[in-house]
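Colleague:
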Amino acid sequence: MTPYRERIQDLLIEYAWRLDNDKLEEWTELFTEDARYEILPRDNFDRGYPLALLCCRNQAMLRDRILALRVANEYNIHYDRHMINAPKIMDVQGDEICIEANYLVVQTSQDGVTKVFSAGLYKDRIKVVDGQLRFKEKLVIADTFCVPTLIATPI
Amino acid sequence: MTPYRERIQDLLIEYAWRLDNDKLEEWTELFTEDARYEILPRDNFDRGYPLALLCCRNQAMLRDRILALRVANEYNIHYDRHMINAPKIMDVQGDEICIEANYLVVQTSQDGVTKVFSAGLYKDRIKVVDGQLRFKEKLVIADTFCVPTLIATPI
Amino acid sequence: MTPYRERIQDLLIEYAWRLDNDKLEEWTELFTEDARYEILPRDNFDRGYPLALLCCRNQAMLRDRILALRVANEYNIHYDRHMINAPKIMDVQGDEICIEANYLVVQTSQDGVTKVFSAGLYKDRIKVVDGQLRFKEKLVIADTFCVPTLIATPI
Numbered sequence: 001m002t003p004y005r006e007r008i009q010d011l012l013i014e015y016a017w018r019l020d021n022d023k024l025e026e027w028t029e030l031f032t033e034d035a036r037y038e039i040l041p042r043d044n045f046d047r048g049y050p051l052a053l054l055c056c057r058n059q060a061m062l063r064d065r066i067l068a069l070r071v072a073n074e075y076n077i078h079y080d081r082h083m084i085n086a087p088k089i090m091d092v093q094g095d096e097i098c099i100e101a102n103y104l105v106v107q108t109s110q111d112g113v114t115k116v117f118s119a120g121l122y123k124d125r126i127k128v129v130d131g132q133l134r135f136k137e138k139l140v141i142a143d144t145f146c147v148p149t150l151i152a153t154p155i
Numbered sequence: 156m157t158p159y160r161e162r163i164q165d166l167l168i169e170y171a172w173r174l175d176n177d178k179l180e181e182w183t184e185l186f187t188e189d190a191r192y193e194i195l196p197r198d199n200f201d202r203g204y205p206l207a208l209l210c211c212r213n214q215a216m217l218r219d220r221i222l223a224l225r226v227a228n229e230y231n232i233h234y235d236r237h238m239i240n241a242p243k244i245m246d247v248q249g250d251e252i253c254i255e256a257n258y259l260v261v262q263t264s265q266d267g268v269t270k271v272f273s274a275g276l277y278k279d280r281i282k283v284v285d286g287q288l289r290f291k292e293k294l295v296i297a298d299t300f301c302v303p304t305l306i307a308t309p310i
Numbered sequence: 311m312t313p314y315r316e317r318i319q320d321l322l323i324e325y326a327w328r329l330d331n332d333k334l335e336e337w338t339e340l341f342t343e344d345a346r347y348e349i350l351p352r353d354n355f356d357r358g359y360p361l362a363l364l365c366c367r368n369q370a371m372l373r374d375r376i377l378a379l380r381v382a383n384e385y386n387i388h389y390d391r392h393m394i395n396a397p398k399i400m401d402v403q404g405d406e407i408c409i410e411a412n413y414l415v416v417q418t419s420q421d422g423v424t425k426v427f428s429a430g431l432y433k434d435r436i437k438v439v440d441g442q443l444r445f446k447e448k449l450v451i452a453d454t455f456c457v458p459t460l461i462a463t464p465i
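Residue numbers (our numbering), protein chains in the order written: chain W, 1 to 155; chain A, 156 to 310; chain R, 311 to 465.
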């Protein structure tokens, strides 16, 4: 059996792969049914303000959001690339593992120009569900809060 | 013996190291004799257009290209840095392994300014040759297609 | 016991984590007492010029520098994110391991805009001290030498 460190690494890479290859529906399946997914500006997070740029309190909300994206389809068309550092294991308790990992998302516009879109930290609570690692909580703590385009697709 | 996952990781890192440290001749040795190396704009690749920005159909063509670079030496002088994500293993068949990995290349000009140069995906077919992992096929699927400078050195 | 490859990876990630989360005092503890830490422009390093942008010849000097940062606190406030590639093992001799790893630091200003700050190569000599991996020497070979802001916090 693959060691759990490799499985965590695989989960993060799978996360990036599905987002960057426009497999957004399959991306939601990487979360548990009761998963919390939030994008928070770092300043807010550090000061304990709960205000999030995006907050989904379960997988159904994630699926709704992706569905809305697909239907609306009016956001700026672009390609994302997620660069993710190797994770730092913060805590292991039973079947739950807490990790943190730096991320950097670059975005390529329809003009073919690539720019830094968001940098920050993933704070993840990962759980084993039916033998698979899934995100039970994913907090995206974004250093970047001034972006020329809206956050349409997930970070 | 080192597990094959680590050996794939090592190959990708060696690939970046040789390019970024101007070991371009040694870089060609990471490919099999019959290796295909292509840089393709993502739009073209997604639509099945075969048009590549660069296409080498074997190692000899790669060596020729590097030789041309060395002789000409008229391209913009710069330093590259390749950031490469951990690979996603797509398929393992016998002694061939298919992987995909996000990359981000930043380039530093002679003025000492560093900019994003290219972001995209490596789609690699890796083969064991004489006990060594080698690229049998490397497709560089580039999100970025509008670059202020020409692609001189490999991505 | 964790294999030494994973422990090196962990050390690099811990290094990034402490810097990016403003644990600068704890960051100095990742170095041996007699550690050398230098930031060198790549051109200088390649030509054998010893001129460094920053040179600390032991851990005490590192601690002094961090203390000065804390007291002065007049440098531009910003957030750093260190992206670090998997390391290339260069040499293993007894309890010392030499590695090299590409890095990319992006910096977010108080305006919330994230930009590339520095790209380059870590050339590290790592030693086991009391069972822990520590930097005995860390050379930061920076491709980038033209930065709009001064180097205040370590790279």
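The C-beta atom is built at its ideal place from N, Cα and C for all residues, glycine as well.
1) Can you check the stretch 186-267 of chain A for any alpha helix (DSSP H) of at least 4 residues that lies completely inside it and give the ranges in chain order?
2) Would you mind working out which of A:T308, A:C301 and A:A307 sits nearest R197 of chain A, comparing C-alpha positions?
3) Would a C-beta distance cut-off of 9 Å place I281 of chain A and A297 of chain A closer than the cut-off?
4) Quick one: is L431 of chain R buried, meaning 16 or more other Cβ sit within 10 Å of its Cβ, or exposed?
5) May I ask you to verify whether the stretch 409-425 of chain R touches the stretch 439-446 of chain R, counting CB pairs closer than 8 Å and requiring at least 3?
6) At the level of alpha carbons, what is the spacing between E137 of chain W and L294 of chain A?
7) Could you tell me which residues DSSP puts in a beta bridge with K448 of chain R?
8) Could you say which of R:F355, R:W337, R:D344 and R:I399 lies nearest to E316 of chain R if we only look at CA atoms?
9) Under 9 Å, Cβ to Cβ, is there at least one residue of chain R near R42 of chain W?
10) Tell me whether D91 of chain W is buried or exposed, calling it buried when 16 or more other Cβ atoms sit within 10 Å of its Cβ.
11) Does E193 of chain A have its Cβ less than 9 Å from a Cβ in chain W?
12) Using the Cα positions of N85 of chain W and M393 of chain R, report the straight-line distance between them to the nearest angstrom.
13) Could you name the residues of the same chain whose beta carbon sits closer than 6 Å to that of A35 of chain W, not counting the 5 residues immediately before and after it, in chain order?
14) Quick check on DSSP: helix, strand or coil for T299 of chain A?
15) On the DSSP letters alone, give me the boundaries of the alpha helix (DSSP H) that P183 of chain A sits inside.
16) Hey, does A429 of chain R have any beta-carbon neighbour from chain W nearer than 9 Å?
17) For a test of the three-state rule: what should DSSP assign to A274 of chain A, helix, strand or coil?
18) For chain A, check one thing: does any of its Cβ atoms lie closer than 9 Å to the Cβ of K398 of chain R?
19) If you draw a straight line from the alpha carbon of P242 of chain A to that of E348 of chain R, how long is it in whole angstroms?
20) For T269 of chain A, which beta-bridge partners are listed by DSSP?
21) Within 9 Å (strictly less), CB to CB, does L208 of chain A reach chain R?
22) Since D130 of chain W is in the alpha helix (DSSP H), which residue starts that stretch and which ends it?
23) Taking F445 of chain R as the query, report the chain A residues whose CB atoms sit under 9 Å from its CB, ordered along the chain.
24) Decide if R380 of chain R is buried, meaning its Cβ has at least 16 other Cβ atoms within 10 Å, or exposed.
25) Would DSSP call I163 of chain A helix, strand or coil?
26) Considering only residues of the same chain and omitting the five flanking positions on each side of I323 of chain R, which have a CB-CB separation below 8 Å?
27) Could you work out which residue in A:K278, A:D177 and A:Q248 is closest to I254 of chain A when comparing CA atoms only?
28) Look at V113 of chain W and T299 of chain A and say whether their C-beta atoms are less than 9 Å apart.
29) Got a sec? Which residues, its chain only, sit under 6 Å from Q110 of chain W by beta carbon, not counting five neighbours each side?
30) Taking Cβ-Cβ distances shorter than 7 Å, what residues in chain W pair up with D421 of chain R?
31) Just checking: is the beta-carbon of A378 of chain R within a distance shorter than 9 Å of some beta-carbon in chain W?
32) Under the rule that 16 or more other beta-carbon atoms within 10 Å means buried, what is C366 of chain R, buried or exposed?
33) Would DSSP call I323 of chain R helix, strand or coil?
34) Skipping 5 residues on each side, what residues in its chain have a beta carbon closer than 6 Å to that of L51 of chain W?
35) Can you list the residues of chain R that A171 of chain A reaches, using a CB-CB cut of under 7 Å?
36) According to the Cβ coordinates, are D235 of chain A and L166 of chain A closer than 9 Å?
Modeller: So, from the data block:
1) 197-202 and 214-227
2) By 1-based counting over the second sequence, the position of residue 197 of chain A is 42. The shortest C-alpha separation from R197 of chain A is found at A:C301.
3) Residue numbering aside, residue 281 of chain A sits at position 126 when the second sequence is read from its first letter. Residue numbering aside, residue 297 of chain A sits at position 142 when the second sequence is read from its first letter. Taking the C-beta atoms as reference points, A297 of chain A is found no nearer than 9 Å to I281 of chain A.
4) Reading the third sequence from its first residue, position 121 is the one you call residue 431 of chain R. If you draw a 10 Å sphere on the C-beta of L431 of chain R, you find 16 or more other C-beta atoms in it, and that means buried.
5) no
6) For the purposes of this step, residue 137 of chain W is taken as the residue at position 137 of the first sequence. For the purposes of this step, residue 294 of chain A is taken as the residue at position 139 of the second sequence. Going from the Cα of E137 of chain W to the Cα of L294 of chain A covers about 35 Å.
7) In the third sequence, residue 448 of chain R corresponds to position 138, counting from 1. For K448 of chain R, which the question treats as bridged, DSSP gives the partners R:Y347 and R:D434.
8) Locating residue 316 of chain R in the third sequence gives position 6, where the first residue counts as 1. Checked all of R:F355, R:W337, R:D344 and R:I399; the closest Cα to E316 of chain R is R:I399.
9) By 1-based counting over the first sequence, the position of residue 42 of chain W is 42. It does: the Cβ of R42 of chain W has a partner Cβ on chain R nearer than 9 Å.
10) Locating residue 91 of chain W in the first sequence gives position 91, counting from the first residue. Classification for D91 of chain W: exposed.
11) As a working mapping, residue 193 of chain A is identified with position 38 in the second sequence. Chain W, which has no Cβ nearer than 9 Å to the Cβ of E193 of chain A, makes this no.
12) Within the first sequence, the letter at position 85 stands for residue 85 of chain W. Within the third sequence, the letter at position 83 stands for residue 393 of chain R. The alpha-carbon atoms of N85 of chain W and M393 of chain R are separated by roughly 6 Å.
13) Indexing the first sequence from 1 puts residue 35 of chain W at position 35. Answer for A35 of chain W: Q59, F135 and K136, listed in chain order.
14) Position 144 of the second sequence, counted from the first residue, corresponds to residue 299 of chain A. It is coil, neither helix nor strand.
15) Here residue 183 of chain A corresponds to residue number 28 of the second sequence, with the count starting at 1. The identity of residue 183 of chain A in the sequence shown is Thr, whereas the question assumes Pro. Looking at the DSSP string, the run of the alpha helix (DSSP H) that includes T183 of chain A is L179 to T183.
16) The count along the third sequence starts at 1 and reaches residue 429 of chain R at position 119. Chain W contact via Cβ: absent.
17) For the purposes of this step, residue 274 of chain A is taken as the residue at position 119 of the second sequence. In the structure shown, the three-state DSSP call for A274 of chain A is strand.
18) Here the question's residue 398 of chain R lines up with position 88 in the third sequence. Yes, K398 of chain R counts as interfacial toward chain A.
19) Taking the second sequence and counting its residues from 1, the one referred to as residue 242 of chain A is at position 87. Taking the third sequence and counting its residues from 1, the one referred to as residue 348 of chain R is at position 38. P242 of chain A and E348 of chain R: Cα-Cα distance of roughly 31 Å.
20) Locating residue 269 of chain A in the second sequence gives position 114, counting from the first residue. Partner(s): A:T263.
21) In the second sequence, the residue the question calls residue 208 of chain A occupies position 53. Judged by the 9 Å Cβ criterion, L208 of chain A is not in contact with chain R.
22) One-based indexing of the first sequence puts residue 130 of chain W at position 130. From DSSP, D130 of chain W is part of no alpha helix (DSSP H); its letter is neither H nor E.
23) Your numbering for residue 445 of chain R matches position 135 in the third sequence. Chain-ordered listing is empty here: chain A has no CB closer than 9 Å to the CB of F445 of chain R, the nearest sitting near 19 Å.
24) To locate residue 380 of chain R, count along the third sequence from 1; it is residue 70. Exposed, since its Cβ has fewer than 16 Cβ neighbours within 10 Å.
25) As a position in the second sequence, residue 163 of chain A is number 8, starting the count at 1. Note: I163 of chain A maps to helix in three-state DSSP.
26) Position 13 of the third sequence holds residue 323 of chain R. Once the five neighbours on either side are set aside, the close Cβ partners of I323 of chain R are I394.
27) Position 99 of the second sequence, counted from the start, is the residue given in the question as residue 254 of chain A. Measuring from the Cα of I254 of chain A, the nearest candidate turns out to be A:K278.
28) Along the first sequence, one-based indexing puts residue 113 of chain W at 113. Along the second sequence, one-based indexing puts residue 299 of chain A at 144. Cβ distance < 9 Å, so V113 of chain W and T299 of chain A count as in contact.
29) By 1-based counting over the first sequence, the position of residue 110 of chain W is 110. I77, listed in sequence order.
30) Walking along the third sequence from the start, residue 421 of chain R turns up at place 111. Correct list: C146.
31) By 1-based counting over the third sequence, the position of residue 378 of chain R is 68. Chain W, which has no Cβ nearer than 9 Å to the Cβ of A378 of chain R, makes this no.
32) Translated into the one-based positions of the third sequence, residue 366 of chain R becomes position 56. Buried: at least 16 other Cβ atoms inside 10 Å.
33) Translated into the one-based positions of the third sequence, residue 323 of chain R becomes position 13. Here DSSP, grouped into helix, strand and coil, assigns I323 of chain R to helix.
34) As a working note, residue 51 of chain W is residue 51 in the first sequence. If we look at L51 of chain W and ignore the five residues flanking it on each side, its Cβ neighbours are N44.
35) As a working note, residue 171 of chain A is residue 16 in the second sequence. The answer, in chain order, is N395 and N412.
36) Here residue 235 of chain A refers to the residue found at position 80 of the second sequence. Here residue 166 of chain A refers to the residue found at position 11 of the second sequence. No, Cβ-Cβ distance for D235 of chain A and L166 of chain A is not below 9 Å.
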